[in-house]
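Residue numbers (this note's numbering), protein chains in the order written: chain R, 127 to 510; chain Z, 127 to 510. Where a beta carbon is used, it is the ideal one built from N, C-alpha and C, also for glycine. Quick caveat, the model's predicted, so the values are computed rather than measured. Quick notes on the structure that follows.
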């Protein structure tokens, strides 16, 4: 079986991920930050190590500004529900995932928040000038995906971050498709909120994710949940210090153990090497399928402008059927449809039927990609 | 090492728990409900199997009414934030954990919700009549722990549920200390919301939990988060059907695989056998420490009135020091302090210093408990 759905979740994980989880489950097993005994302290060290590695990866100001959530969707909901009030204006791009669009539509409908959706072009590109033009006095938040989960298009985050820094607005970056692949410097970009998923290119297990938050944003951010934190237990109100303010209840220590190992794998391997490999695979794929009659690829042609996620359509073909045939006849696992991003498909002109999506990861090989290219060549002939 | 902190998290887990997690990570690895390929479908089956077993355990009306959250604190926040509006009245007991008290204090302060805290007696007992007396026309919710995480006291849930059923109020039951030990029949009790943790007596890993919700409560319950669900992906709003309405973003498939195996372990072993074993350990412990001068035990003496969590104080001793000595000199892991339940300690008279808490689990043995009894005898002599 050839797995090309790394934009959904990375598979396989490096061996260190499971090893770390197994170690926790079999030999530690305790709750961090609750008891004072060795097992609890050891669990606390596992959590701290993961925070420290994420701090390094994202150049966060401190470990305590790294907060764990069950996935990136919860992280984005923390920002959207916790920072916005009635009358606030929010800017987003037309390439956003439903993890951003759905909570914002909710806030628009029920909480008097106003949205400006800045249109991207049909390759998913966003113009920083278009964002600048809609910035207003009451713009409270600019929320942007770092790269599209449909087309792989990288958005011009540096320029937009610079524009947002000149205002009072918070800049929220969704790195679900880029953390672990592209370099992201929280402090250099002057970000307020960096949402990350743990189970994609950070090679942690599902059930992990989180955010890095600036002191400025953390102060006004109302936590999505309150509960026991193992700290200030004499108080019936949530503590206001980090990370406890935003982490209520028992944390996912086994998952975070795996995530910490995954992030260490990324740090040890190096972003440059990971990016280079995924770039090569993507270029090989795009070059290989370029001449196939009836195949149309969405997203940028230039490798610098994209990550390893490729969306395509095949003239005259039902893409669900193509995906099913790729699996049945070639053992190739890809995903067809809207990929939880209806706005993005409206932008690139593939709504509502969607696209066939190939997304490569560090563990894919050139041989696997060549198999996919050959399979598409053969299949396409049967449709055109 | 002897582990007596099962009220915080159960340790060890049955072998099936981590075997199921290992199987998912190494041999499945895909996201459920997203792709149409075999790995994704297999992941979906793992999630469904866990829902099905929880439905059986709690006698829930349907699998789709079993919702997964990262822990029980999130589940309780779903109920509290999602069902309450300004002007609503909420009844809770004075034995509640901060997972209930903190979100309710937040709603009281910021959302115009009014609280009635019904006092329990000094063993943690709650009188159903006292609850009946504070029920009002605008009582929207009664939220109750099934058993105290401090004293182990079981609250009279059947009687109170019957009283609440005569009103329009929602009955929210926190089963963090009882799911997997006591029989809990969602339909017979007429519950609206049963919050459960996965990593205690259900023998799943940390990072798991959830709730069972009635159709009546689900309808009006505003989800705490919105995001991608892999369903209705053409829509920019959250789907309104179960379980998708309440499950946004990538679910913790590896954790839920472990939880499903843990619940199967409970079903296979049988609640009666588990309860009987934990009861025996608790009785052995309570009988063994009864005569120790200076030791005071909180919570009921009758085994029918309590679960396997025992809180005690030792005259003249700093309990943090006692816990540290138990670990250093006897390899015994217990927890001292407030256990995230300041209200409960105010109720039983141990605020703010707290108690020393022993909590037994199915994998503890009589020999281990006897070791603890002996250790307490020896230590107590040095303090009194």
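Rounding to the nearest angstrom, what Cα-Cα distance links residue 152 of chain R and residue 485 of chain Z in this structure?
Numbered from 1 along the first chain, position 26 holds the residue referred to as residue 152 of chain R. Numbered from 1 along the second chain, position 359 holds the residue referred to as residue 485 of chain Z. Each residue's alpha carbon lies about 20 Å from the other.
Given residue 431 of chain R, which residues of its chain have a CB within under 7 Å of its CB, disregarding the five upstream and five downstream residues?
As a working mapping, residue 431 of chain R is identified with position 305 in the first chain. Only 279, 280 meet the Cβ criterion.
Boundaries (first-last residue) of the beta strand (DSSP E) holding residue 240 of chain R
Numbered from its first residue, the first chain carries residue 240 of chain R at position 114. 240–244 is the extent of the beta strand (DSSP E) around residue 240 of chain R.
Would residue 127 of chain Z pass as a contact of residue 161 of chain R if the rule is Cβ separation under 9 Å?
Sequence index remark: in the second chain, residue 127 of chain Z carries index 1 (1-based). Sequence index remark: in the first chain, residue 161 of chain R carries index 35 (1-based). Annotated as distal: residue 127 of chain Z and residue 161 of chain R, with beta-carbon spacing of 9 Å or more.
CA-to-CA distance, residue 425 of chain R to residue 470 of chain R, given in whole angstroms
For the purposes of this step, residue 470 of chain R is identified with residue 344 of the first chain, where counting begins at 1. For the purposes of this step, residue 425 of chain R is identified with residue 299 of the first chain, where counting begins at 1. So the two alpha carbons sit approximately 11 Å from each other.
Selected residue, minimal CA-CA separation from residue 142 of chain Z, among Z/308, Z/391, Z/130
Mapped onto the second chain, residue 142 of chain Z falls at position 16. The shortest Cα separation from residue 142 of chain Z among Z/308, Z/391, Z/130 belongs to Z/391.
In whole angstroms, what separates the C-alpha of residue 191 of chain Z from that of residue 368 of chain Z?
Within the second chain, the letter at position 65 stands for residue 191 of chain Z. Within the second chain, the letter at position 242 stands for residue 368 of chain Z. Each residue's Cα considered, the two are about 6 Å apart.
Kindly indicate if chain Z contains any beta-carbon less than 9 Å away from that of residue 163 of chain R.
Along the first chain, one-based indexing puts residue 163 of chain R at 37. It does; some Cβ of chain Z falls within 9 Å.
With 16 other Cβ atoms within 10 Å as the buried cut-off, status of residue 342 of chain Z
Taking the first residue of the second chain as 1, we reach residue 342 of chain Z at position 216. With fewer than 16 Cβ atoms within 10 Å of its Cβ, residue 342 of chain Z is classed as exposed.
Backbone CA spacing between residue 382 of chain R and residue 393 of chain R [nearest angstrom]:
Taking the first residue of the first chain as position 1, residue 382 of chain R is located at position 256. Taking the first residue of the first chain as position 1, residue 393 of chain R is located at position 267. Residue 382 of chain R and residue 393 of chain R: Cα-Cα distance of roughly 16 Å.
Which of helix, strand or coil does DSSP assign to residue 271 of chain R?
One-based indexing of the first chain puts residue 271 of chain R at position 145. In this structure, DSSP gives residue 271 of chain R an extended state, which the three-state scheme calls strand.
Residues in the stretch 368–395 of chain Z having any Cβ partner in chain R nearer than 9 Å
Taking 9 Å as the Cβ-Cβ cut-off, the stretch 368–395 of chain Z approaches chain R at 374, 375, 376, 377, 378, 379, 380, 381, 382, 384, given in chain order.
Interface residues of chain R around residue 214 of chain Z at Cβ under 8 Å?
The sequence position of residue 214 of chain Z within the second chain is 88, counting from 1. For a Cβ distance threshold of 8 Å, nothing in chain R lies close to residue 214 of chain Z: the least Cβ distance comes to about 17 Å.
Between residue 299 of chain R and residue 253 of chain Z, what straight-line distance do the alpha-carbon atoms span, to the nearest angstrom?
In the first chain, counting from the first residue as 1, residue 299 of chain R sits at position 173. In the second chain, counting from the first residue as 1, residue 253 of chain Z sits at position 127. If you take the alpha carbons of residue 299 of chain R and residue 253 of chain Z, they lie about 51 Å apart.
Which chain R residues are close to residue 151 of chain Z, counting only those with a beta carbon under 7 Å from its beta carbon?
The residue you call residue 151 of chain Z lines up with position 25 of the second chain. Result: 139, 144, 331.
Using a Cβ-Cβ cut-off of 9 Å, state whether residue 148 of chain Z counts as contacting chain R.
For the purposes of this step, residue 148 of chain Z is taken as residue 22 along the second chain, with counting starting at 1. So, interface residue.
Residue 505 of chain Z and residue 439 of chain Z look like a contact to me (Cβ under 8 Å); what is the Cβ gap, rounded to whole Å?
Here residue 505 of chain Z refers to the residue found at position 379 when the second chain is read from its first residue. Here residue 439 of chain Z refers to the residue found at position 313 when the second chain is read from its first residue. The beta-carbon distance between residue 505 of chain Z and residue 439 of chain Z, rounded to whole angstroms, is 13 Å. This is too long to meet the 8 Å contact definition.
Residue closest to residue 272 of chain Z, alpha-carbon to alpha-carbon, out of Z/251, Z/402, Z/399
Position 146 of the second chain, counting from 1, holds the residue named residue 272 of chain Z. Taking only the C-alpha atoms, the option nearest residue 272 of chain Z is Z/251.
Could you pull out every residue in the same chain whose Cβ sits closer than 6 Å to the Cβ of residue 240 of chain Z, ignoring the five residues on either side in sequence?
As a first step, residue 240 of chain Z must be located in the second chain, where it is residue number 114. Here the set comprises 215.
Can you tell me whether residue 353 of chain R is buried or exposed? The criterion is at least 16 other CB atoms within 10 Å of its CB, across all chains shown.
What you label residue 353 of chain R is simply residue 227 of the first chain in a count that begins at 1. Burial call: buried.
Contacting residues, own chain, Cβ-Cβ under 7 Å from residue 175 of chain R (five flanking each side not counted):
To locate residue 175 of chain R, count along the first chain from 1; it is residue 49. 386, listed in sequence order.
Three or more C-beta pairs below 8 Å linking the stretch 231–239 of chain Z and the stretch 170–189 of chain Z
The count of Cβ pairs closer than 8 Å, one atom from the stretch 231–239 of chain Z and one from the stretch 170–189 of chain Z, stays below three, leaving the stretches out of contact.
Less than 9 Å between CB atoms is the rule here; does residue 511 of chain R satisfy it with respect to chain Z?
For chain R, the structure presents residues 127 to 510; residue 511 of chain R sits outside this window and is missing.
So, are the CB atoms of residue 132 of chain R and residue 490 of chain R less than 9 Å apart?
What you label residue 132 of chain R is simply residue 6 of the first chain in a count that begins at 1. What you label residue 490 of chain R is simply residue 364 of the first chain in a count that begins at 1. Against a cut-off of 9 Å, the Cβ pair of residue 490 of chain R and residue 132 of chain R comes out as a contact.
Looking at chain R, is there any beta carbon in it that lies within less than 9 Å of the beta carbon of residue 127 of chain Z?
Taking the first residue of the second chain as 1, we reach residue 127 of chain Z at position 1. True, the Cβ-Cβ gap to chain R drops below 9 Å.
So residue 515 of chain R packs on residue 218 of chain R, CB below 8 Å; how close in whole Å?
Examination of residue 515 of chain R is not possible in this model, given that chain R is present from 127 through 510 alone.
Beta carbon proximity, residue 518 of chain R to chain Z, threshold 9 Å
There is no way to answer for residue 518 of chain R, as the model of chain R reaches only from 127 to 510.
From the DSSP output, read off the bridge partner residues of residue 463 of chain R.
The residue you call residue 463 of chain R lines up with position 337 of the first chain. According to DSSP, which records beta bridges pairwise, residue 463 of chain R is partnered with R/481.
What did DSSP end up calling residue 386 of chain Z once you bin it into helix, strand or coil?
To locate residue 386 of chain Z, count along the second chain from 1; it is residue 260. Residue 386 of chain Z carries a helical assignment under DSSP once its states are collapsed to helix, strand and coil.
Per DSSP, what kind of secondary structure is residue 139 of chain Z in: helix, strand or coil?
Position 13 of the second chain, counted from the first residue, corresponds to residue 139 of chain Z. DSSP places residue 139 of chain Z outside both helix and strand once states are collapsed to three, so it counts as coil.
Proximity winner among Z/158, Z/306, Z/248, relative to residue 401 of chain Z (alpha-carbon distances)
The count along the second chain starts at 1 and reaches residue 401 of chain Z at position 275. Residue 401 of chain Z has its Cα closest to that of Z/306, out of Z/158, Z/306, Z/248.
Name, please, each residue of chain Z whose Cβ falls closer than 9 Å to the Cβ of residue 232 of chain R.
Translated into positions along the first chain, residue 232 of chain R becomes position 106. Result: 348, 349, 352, 363, 364.
Along the stretch 254–286 of chain R, what residues have a CB closer than 7 Å to any CB found in chain Z?
Hits within the stretch: zero.
Find the nearest neighbour of residue 480 of chain Z within the set R/509, R/209, R/358, judged by alpha-carbon distance.
The residue labelled residue 480 of chain Z in the question sits at position 354 within the second chain. The shortest C-alpha separation from residue 480 of chain Z is found at R/358.
Need the endpoints of the beta strand (DSSP E) that residue 424 of chain R sits in, please.
Residue 424 of chain R sits at position 298 when you count from the first residue of the first chain. Per DSSP, residue 424 of chain R belongs to the beta strand (DSSP E) from 421–424.
Measuring CA to CA, which of R/500, R/472, R/463, R/412 is closest to residue 455 of chain R?
Here residue 455 of chain R refers to the residue found at position 329 when the first chain is read from its first residue. Each of R/500, R/472, R/463, R/412 was checked against the Cα of residue 455 of chain R, and the nearest Cα belongs to R/500.
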